[in-house]
Every structure is written in C-alpha cells, then in structure tokens.
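Student: Same order as they appear, the protein sequences are chains L and W. Heads up: the first sequence begins at 1 in our numbering, then just goes up one per residue. Heads up: the second sequence begins at 1001 in our numbering, then just goes up one per residue. We treat Cβ as the ideally placed atom computed from N, Cα and C, and that holds for glycine.
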Amino acid sequence: MGGSGSGKTTVLRLIGGQLRPSSGSVSVDGQIVHELDTENLYLMRRKMGMLFQHGALFTDLTAFENVAFPLREHTDLNEELIRTLVLMKLHAVGLRNAAQLKPAEISGGMGRRVALARAIALDPELIMYDEPFAGLDPISMGVTANLIRNLNDALGSTSILVSHDVKECFAIADYVYFLSSGKIVAHGTPAEMAVSTHPYVKQFVNAEADGPVPFHYPGKTLADDLGLHAEGSR
Amino acid sequence: MIARFLAAIGAWLRCSIEDLGFAVRSFFIIIAASGGLFRRPRLVVEQLFFVGSRSLVITTVSGLFVGMVLGLQGYYTLTTYGATQSLGQLVALSLMRELGPVVTALLFAGRAGTSLTAEIGLMKAGEQLSAMEMMAVNPIQRVLAPRLWAGVIAMPILGGIFTAVGIIGSYLVGVVLIGVDEGSFWAQMQGGVDIWKDIVNGTYVKSMVFGIAVTFIALFQGYQAQPTPEDVSGATTRTVVISSLMVWWLDFMMTAMMFSK
Chain L
1 MGGSGSGKTT VLRLIGGQLR PSSGSVSVDG QIVHELDTEN LYLMRRKMGM LFQHGALFTD
61 LTAFENVAFP LREHTDLNEE LIRTLVLMKL HAVGLRNAAQ LKPAEISGGM GRRVALARAI
121 ALDPELIMYD EPFAGLDPIS MGVTANLIRN LNDALGSTSI LVSHDVKECF AIADYVYFLS
181 SGKIVAHGTP AEMAVSTHPY VKQFVNAEAD GPVPFHYPGK TLADDLGLHA EGSR
Chain W
1001 MIARFLAAIG AWLRCSIEDL GFAVRSFFII IAASGGLFRR PRLVVEQLFF VGSRSLVITT
1061 VSGLFVGMVL GLQGYYTLTT YGATQSLGQL VALSLMRELG PVVTALLFAG RAGTSLTAEI
1121 GLMKAGEQLS AMEMMAVNPI QRVLAPRLWA GVIAMPILGG IFTAVGIIGS YLVGVVLIGV
1181 DEGSFWAQMQ GGVDIWKDIV NGTYVKSMVF GIAVTFIALF QGYQAQPTPE DVSGATTRTV
1241 VISSLMVWWL DFMMTAMMFS K
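In structure tokens form, the structure reads like this:
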C-alpha cells in the first residue's frame, strides 16, 4: 500500500520482469528475474497472472475469447476443453452468462472480473493485482475483494495486491507493506497497521490531509514566491 | 555561437542515425519473430481482411477515377500529335509503372497505415501489449508480425486491382465515351507492355516494397508512441507523412534502377 507515485506498480513490474532494477535484484521462485533470457522469462511468466489497473482486456475480443486467449496461446487443448475451462473461470467470477459480450458492452467492474478470470486461466502460482479497486463502485469493490480472497484460497496461490484502498485491503490481506518514495516504511498484519503509530501509516490509514506526506508540493515558500520578505522588513 | 550551432547539428545527426539504427533493428526483430506465423497462418489471414479487404473500396474507386482522368487527359494530349491510337499504351504504362503502385501506396498509408498506428498505439495505452507480455505472449510475434506480412501481401494485390480498374476507367472514357478505336486501344497496349518489366517489376515488385515500407512505418510509429492521446494522434500523423515521403523516394530509386537504359 502507499500513495500515488510511491512505487507500488513499479514493484509489480519488477517482479514481472517488465522493468529492470537499476540496483539490487528481484528473485521469484528462486530465479533472479532480470538475469533471465527472454525464453526463460516467458517460461516464468506462465506461472504468473496479472490483473491490470483497468483490466487491459483485448477490446476486439469477447469476454469468452479474452479468457480463452492464454489457453489458446500456451496449450494444445481442444476447443471443447477450452470452452469448458473458460466457462468455469467465468462462472467463478459470476460472468458465465456474459461470455459473448465485448469489453465495451460491460461495466468497469465486470471488466475487472473478466480480467481476473483471464489472469487465473492457467492457474498461476503467483497472481499480481494492480489497483484492482480503482474506479469501482462500493458493490463492485466488495465483490472484487471477495473474489480475490476466495480465488487465492481456492487456487492455493500467492497474491500480491497493490492498492491504496485501506478498508478493502485490510479486509482481505494477510500482511501489509507500506511504501513511500520507493521504500518500505512499515509492515505488519492489517490489525497491527490499523493501530500503528508510525506517522506515515497513521496519516494514510486515517486519510489525514497533512502529515509526512505534505499537502503542498515541496519547493519555495509562498512568502518567497510573492516577495513578502523584502516588503516585511521595511 | 558557431560552436553551439555545430553542436546542435551534431546532436541532430547523432539522434537521426540512432533512430534509423533502432528502426532497422526493430524491422529485423519483427522479421525474426515471423517464424511462428507458418504454424498459425490464420493470424495473417485475419489481418489481410483488415488491411486488405477493407482498403478495397477506396482503392477501386480511386483507380477508376484516376484511369478516367488519365484517359481524358491522355486523349487531349495525344490528339495534338495525331496519336490517339496510342492511348491504351500510354494509360497502361503510366498506371503499371508509376500511378498504380504509388497512388495505391499513398491510399494504403492513409487508410490502413493510420488504422494500424492508432490500433497499436491504443493497445499500448490500454496496457493490452503489457498484458500480453505478462501472459508470456510476445506482442511482436503475436501483434506486429502478422500485420506486417498482411501489408506485404495486400499491397501488390491492391496495386494490381488499382491498375486494372484504372485501365477499365480509361477504356470507358477513351473508347466508350470519346470513341477512340477499340482495336488500337487494346493492340497498342498489348504491344507496348512488357510483362516482366512493366507488370512484375513496375506494379508488383514496387507495390511489395511500398507495402513493406508503409506497413512497417505504421507499426513502428504505433509501437513507439507514448500511451497518451497526443502522442497516439501525433504518431498517426507521422505515419502518413513519413510513409508518403518514403514512397516517393523509394519510387524514384526503383524507377531509376528498373527502367534506366
């Protein structure tokens, strides 16, 4: 968790190998991600699923075809089996009956659920969620949060969820890390974080306007900008 | 002052060479990623429909009118020399060697090229290409390569159609409306056109080269566009401008090589 620009999405991109670290390394399943060649990186990514902030569904394909995409690309399953698997995944997210709709014909929350079904199509060992609650209404937010937790438990996978939605995250997460300016500033269970006295965590959890994260963008003071020092000294 | 001017020229030159090198490298990366298409030709066929079939109407209609205008202007000019019987040859050579491939390429850049750039740019903006990468699917292999080959296959076919329809257009104006002798029209055309030099080289080889250039420029611009509305629209404009200039330059070079005595 962390504010906008704190480096949350960057962490996910580093884990997925879409960015190379300028220093240090990221290890996934015993492998240093940025040292892998393209072939091995792609092999490792087959064990991962990722839900993008706005779903990143293929707009020219139906919900069914979107979920079928990774299955068609990475398996030799026949059409009947693919159909069964896709309908099961869509059923798991409650959208089996929306299988033939295109992304433009469904709501943002439904789109996020289709993207979730696509992310788990190959039963990944690691699922990454990039701001899964952004822009959702409270009902869709609750539905998505429950789905993430239930699918995680059902698949027995590891989930890394990046978000700034305190209530939903604390409800479903086992452990929380707080990021600020690219660094981990606090971590613990949701219960520990809820009562944390760390200034950043306190400001974030209680949604305080001012604190370690200042209201004003750092720079010159208002007095400097308006030249008030010279006037005041006369 | 002079030092700053020279430094600016140097920086511009260095950036231009770097950009060119990057573009050439990208081209070969797409070619290298095309191997998988032999196993999945369906991907190319789908794109052939989008870039080829959907460009048919504008190509055919433009070809018809260009041919009609060529027939009319050719007739007026040839009347001065009393050589109206050569109208068929004039029209055929103009269309096969130059107008057919060049105008088709310019239309292709406007119709299919812009569409490809916008599509790839918007896929990037919508994180669809990133999503593909995270699904262990190479977007160069899955998205760019099929589109490039579809453009390479579609352009010669469209160029051929443009030329054929253009000849029909000039026939309608020259023979049917004005009354040029039909026998002379076709006989002169048959006698003056060399299949290898004018049709294969003039229309098909030129069109194929234009197809490679225009489609690659469109894909490259889309893929390199920043995921913002301004940059995607800017990339679309750049596709048309760079493709058009490239078509004219390539046409001059190929004409010099193919038709020099």
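Answer with yes or no whether the minimum CB distance from Gly-142 (chain L) to chain W is below 8 Å.
Tutor: Numbered from 1 along the first sequence, position 142 holds the residue referred to as residue 142 (chain L). No, Gly-142 (chain L) does not count as interfacial toward chain W.
Student: Would you mind stating whether Gly-980 (chain W) and Phe-1185 (chain W) have Cβ atoms separated by less than 8 Å?
Tutor: Nothing in the structure corresponds to residue 980 (chain W), since chain W is present only between 1001 and 1261.
Student: Figure out for me which residue from L:Lys-167, L:Phe-215, L:Gly-188 has the closest Cα to the Cα of Val-176 (chain L).
Tutor: Counting from one through the first sequence, the residue named residue 176 (chain L) turns up at place 176. It is L:Gly-188.
Student: Helix, strand or coil for Lys-183 (chain L) per DSSP?
Tutor: Position 183 of the first sequence holds residue 183 (chain L). Here Lys-183 (chain L) sits in strand by DSSP.
Student: Once DSSP output is grouped into helix, strand and coil, what is the label at Ser-157 (chain L)?
Tutor: Residue mapping note: residue 157 (chain L) aligns to position 157 of the first sequence, counting from 1. Here Ser-157 (chain L) sits in coil by DSSP.
Student: Can you name, in chain order, every residue of its own chain whose Cβ lies under 6 Å from the Cβ of Ala-1218 (chain W), other than the five neighbours on each side?
Tutor: Here residue 1218 (chain W) refers to the residue found at position 218 when the second sequence is read from its first residue. Excluding sequence neighbours, Ala-1218 (chain W) sits near Gly-1113, Leu-1116, Thr-1117, Thr-1239.
Student: Show which residues of chain L have a CB atom less than 7 Å away from the CB atom of Val-1137 (chain W).
Tutor: Within the second sequence, the letter at position 137 stands for residue 1137 (chain W). Ordered by position in chain L, the residues that pass the 7 Å Cβ test against Val-1137 (chain W) are Glu-73.
Student: Shortest alpha-carbon distance to Ala-145 (chain L) belongs to which of L:Arg-113, L:Leu-43, L:Leu-122, L:Thr-84?
Tutor: The count along the first sequence starts at 1 and reaches residue 145 (chain L) at position 145. Nearest option by C-alpha distance: L:Arg-113.
Student: Evaluate contact between the region 121-128 of chain L and the region 142-160 of chain L, counting only Cβ atoms and requiring at least three cross-stretch pairs below 8 Å.
Tutor: Touching, yes, given that three or more Cβ pairs across the two stretches are closer than 8 Å.
Student: Does the CB of Gln-1073 (chain W) have a neighbour CB from chain L at under 8 Å?
Tutor: Numbered from 1 along the second sequence, position 73 holds the residue referred to as residue 1073 (chain W). Chain L contact via Cβ: absent.
Student: Evaluate contact between the region 1192-1204 of chain W and the region 1089-1100 of chain W, counting only Cβ atoms and requiring at least three cross-stretch pairs below 8 Å.
Tutor: Contact between the region 1192-1204 of chain W and the region 1089-1100 of chain W is present, because at least three Cβ pairs lie under 8 Å.
Student: Cα-Cα, which of W:Leu-1056, W:Ile-1029, W:Ile-1017, W:Gln-1047 is closest to Ile-1161 (chain W)?
Tutor: Mapped onto the second sequence, residue 1161 (chain W) falls at position 161. Nearest of W:Leu-1056, W:Ile-1029, W:Ile-1017, W:Gln-1047 to Ile-1161 (chain W), Cα basis: W:Leu-1056.
Student: Measure the alpha-carbon distance for Leu-85 (chain L) versus Thr-62 (chain L) and round it to whole angstroms.
Tutor: On the first sequence, residue 85 (chain L) is found 85 positions in, with the first residue counted as 1. On the first sequence, residue 62 (chain L) is found 62 positions in, with the first residue counted as 1. Rounded to whole angstroms, Leu-85 (chain L) to Thr-62 (chain L) spans 15 Å at the Cα level.
Student: Nearest chain L C-beta to Ser-1130 (chain W) closer than 8 Å, yes or no?
Tutor: Locating residue 1130 (chain W) in the second sequence gives position 130, where the first residue counts as 1. Cβ-Cβ to chain L under 8 Å: yes for Ser-1130 (chain W).
Student: Starting from Tyr-129 (chain L), trace the beta strand (DSSP E) both ways and give me its first and last residue.
Tutor: In the first sequence, residue 129 (chain L) corresponds to position 129, counting from 1. Unbroken beta strand (DSSP E) run through Tyr-129 (chain L): 126-130.
Student: Near Gly-1159 (chain W), what residues of its chain come up, given a Cβ to Cβ distance below 6 Å and the 5 sequence neighbours on each side ignored?
Tutor: Position 159 of the second sequence, counted from the start, is the residue given in the question as residue 1159 (chain W). So the qualifying residues of the chain are Gly-1100, Pro-1101, Thr-1104, Thr-1203, Ser-1207.
Student: Can you pull out the residues from the region 1108-1131 of chain W whose beta carbon lies closer than 7 Å to at least one beta carbon of chain L?
Tutor: The region 1108-1131 of chain W vs chain L, Cβ under 7 Å: Gly-1126, Glu-1127, Gln-1128, Ser-1130, Ala-1131.
Student: Distance cutoff 8 Å, beta carbons only. Does Ile-10 (chain L) sit that close to anything in chain W?
Tutor: In the first sequence, residue 10 (chain L) corresponds to position 10, counting from 1. Note that residue 10 (chain L) corresponds to Thr in the displayed sequence, not to Ile. Output row for Thr-10 (chain L): interface = no.
Student: Sort out for me which residues DSSP pairs Ser-27 (chain L) with in a bridge.
Tutor: Sequence index remark: in the first sequence, residue 27 (chain L) carries index 27 (1-based). Note: Ser-27 (chain L) sits in a beta bridge opposite L:Ile-32.
Student: Using a beta-carbon distance below 8 Å, is Gly-135 (chain L) in contact with chain W?
Tutor: In the first sequence, counting from the first residue as 1, residue 135 (chain L) sits at position 135. False, the Cβ-Cβ gap to chain W never drops below 8 Å.
Student: Label Ile-1017 (chain W) either buried or exposed according to how many other C-beta atoms from any shown protein chain fall within 10 Å of its C-beta, with 16 as the threshold for buried.
Tutor: Your numbering for residue 1017 (chain W) matches position 17 in the second sequence. Label assigned to Ile-1017 (chain W): exposed.
Student: With Met-1208 (chain W) as the anchor, note down where its alpha helix (DSSP H) starts and where it stops.
Tutor: For the purposes of this step, residue 1208 (chain W) is identified with residue 208 of the second sequence, where counting begins at 1. Residues 1206-1224.
Student: Do the region 102-109 of chain L and the region 50-66 of chain L meet, that is, are 3 or more Cβ pairs less than 8 Å apart?
Tutor: Because the criterion of three Cβ pairs below 8 Å is met, the region 102-109 of chain L and the region 50-66 of chain L touch.
Student: Ordered along the chain, which non-local residues of its own chain (more than five positions away) have a Cβ less than 6 Å from that of Val-1051 (chain W)?
Tutor: In the second sequence, residue 1051 (chain W) corresponds to position 51, counting from 1. The answer, listed in chain order, is Ala-1112, Ala-1150, Gly-1151, Ala-1154.
Student: Quick check on DSSP: helix, strand or coil for Leu-51 (chain L)?
Tutor: Sequence index remark: in the first sequence, residue 51 (chain L) carries index 51 (1-based). The answer is strand: DSSP assigns Leu-51 (chain L) an E or B state.
Student: So Val-1103 (chain W) is in the alpha helix (DSSP H); what residue range does that whole segment cover?
Tutor: Residue 1103 (chain W) sits at position 103 when you count from the first residue of the second sequence. Val-1103 (chain W) -> alpha helix (DSSP H) spans 1100-1108.
Student: Report yes or no: is there a C-beta of chain L within less than 8 Å of the C-beta of Glu-1133 (chain W)?
Tutor: In the second sequence, the residue the question calls residue 1133 (chain W) occupies position 133. It does: the Cβ of Glu-1133 (chain W) has a partner Cβ on chain L nearer than 8 Å.
Student: Got a sec: is the Cβ-Cβ distance from Arg-46 (chain L) to anything in chain W below 8 Å?
Tutor: If you number the first sequence from 1, residue 46 (chain L) lands on position 46. Closer than 8 Å to some Cβ of chain W, the Cβ of Arg-46 (chain L) qualifies, so yes.
Student: Thinking C-beta only, is Leu-87 (chain L) closer than 8 Å to Ala-99 (chain L)?
Tutor: By 1-based counting over the first sequence, the position of residue 99 (chain L) is 99. By 1-based counting over the first sequence, the position of residue 87 (chain L) is 87. Cβ distance < 8 Å, so Ala-99 (chain L) and Leu-87 (chain L) count as in contact.
Student: When the Cα atoms are used, what is the spatial distance from Gln-1047 (chain W) to His-91 (chain L)?
Tutor: Position 47 of the second sequence, counted from the start, is the residue given in the question as residue 1047 (chain W). Position 91 of the first sequence, counted from the start, is the residue given in the question as residue 91 (chain L). If you take the alpha carbons of Gln-1047 (chain W) and His-91 (chain L), they lie about 32 Å apart.
Student: Can you list the residues of chain W that Met-50 (chain L) reaches, using a CB-CB cut of under 9 Å?
Tutor: Position 50 of the first sequence, counting from 1, holds the residue named residue 50 (chain L). The contacting residues are Ser-1130, Ala-1131, Met-1134, Met-1135.
Student: Does the beta-carbon distance from Gly-994 (chain W) to Gly-1110 (chain W) come in below 8 Å?
Tutor: Chain W is shown from 1001 up to 1261; residue 994 (chain W) falls before or after that span and cannot be answered.
Student: Assign Thr-1255 (chain W) to one of three DSSP states: helix, strand, or coil.
Tutor: One-based indexing of the second sequence puts residue 1255 (chain W) at position 255. Residue state, collapsed to three classes: helix.
Student: In angstroms with no decimal places, state the Cα-to-Cα distance between Val-1143 (chain W) and Met-1253 (chain W).
Tutor: As a working mapping, residue 1143 (chain W) is identified with position 143 in the second sequence. As a working mapping, residue 1253 (chain W) is identified with position 253 in the second sequence. Between Val-1143 (chain W) and Met-1253 (chain W), the C-alpha separation is close to 31 Å.
Student: Looking at Gln-235 (chain L): is its Cβ nearer than 8 Å to the Cβ of Val-213 (chain L)?
Tutor: With chain L represented from 1 up to 234, any question about residue 235 (chain L) goes unanswered, as that position is not in the structure.
Student: Rounded to whole angstroms, what is the Cα-Cα separation between Ile-172 (chain L) and Tyr-129 (chain L)?
Tutor: As a position in the first sequence, residue 172 (chain L) is number 172, starting the count at 1. As a position in the first sequence, residue 129 (chain L) is number 129, starting the count at 1. Their Cα atoms are separated by approximately 13 Å.
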